[in-house]
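Quick note on this note's numbering: the sequence shown kicks off at 1 and runs consecutively.
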Amino acid sequence: MTQKPPPSRDDLLAFLADPETLPEHQREALEAALDEAVQGAVDALPPVEPTPGFERGLFARLDAVDAEARPSLWAQVRAWWTAPRAGVGLALAAAVALLFALWRPAAGPEAPPVALMAQAESLELAQDLELYENLDVVEVLDVLDDLEVIESMEEEG
């Protein structure tokens, strides 16, 4: 690849004065040459060293910005209890209170009246009374059950 000779000073001055008068391919070549010349000149300069107090001054300014940006503890507490958070909490508490105030448990069976309960108790008592009257027959039935068990044991043994 052959390198093109660098543009002349007159060409660069013409480009800087009015780049629109040059053809596009020549403009692009002059832009690239000018970029290379500027980059070479900047690279040739010695690096700039910061002054001795630069870091101290920079960090002092950063500390001042941090101090302004960091609110006090009281400001943080006050900000936490402002409208958005407190409003949500109060709305939730009001909704729960309303739910408990309006909620009614499902109605279960009603308690029977006293008269029906008394009648049921007297019926149970009458059935038990019949059993007590026939207690001697029931006792004999229990003995008969025991007798059957004894007979089955004798047959096996």
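Cβ coordinates follow ideal geometry from the N, Cα and C atoms, glycine included.
TODO: Give a yes or no on whether the C-beta atoms belonging to residue 22 and residue 33 are separated by under 8 Å.
DONE: If you number the sequence shown from 1, residue 22 lands on position 22. If you number the sequence shown from 1, residue 33 lands on position 33. It is not a contact, given that the beta carbons lie outside the stated cut-off.
Open item on the list: Once DSSP output is grouped into helix, strand and coil, what is the label at residue 154?
Closed with: As a position in the sequence shown, residue 154 is number 154, starting the count at 1. Helix, per DSSP.
Task: Distance between residue 30 and residue 6 (C-alpha atoms, nearest Å) - done: Numbered from 1 along the sequence shown, position 6 holds the residue referred to as residue 6. Numbered from 1 along the sequence shown, position 30 holds the residue referred to as residue 30. Straight-line Cα distance between these residues: approximately 9 Å.
Task: First and last residue of the uninterrupted alpha helix (DSSP H) at residue 31 - done: Against the sequence shown, residue 31 aligns to sequence position 31. Element bounds for residue 31: 24-44.
- [ ] Return yes when the Cβ of residue 138 is within less than 8 Å of the Cβ of residue 131, no when it is not.
- [x] Translated into positions along the sequence shown, residue 131 becomes position 131. Translated into positions along the sequence shown, residue 138 becomes position 138. Yes; because the gap between Cβ atoms is below 8 Å, this pair is in contact.
Open item on the list: Could you tell me the alpha carbon to alpha carbon distance between residue 128 and residue 145, rounded to whole angstroms?
Closed with: Working through the sequence shown from its first residue, we reach residue 128 at position 128. Working through the sequence shown from its first residue, we reach residue 145 at position 145. Their backbone Cα atoms lie some 22 Å apart in a straight line.
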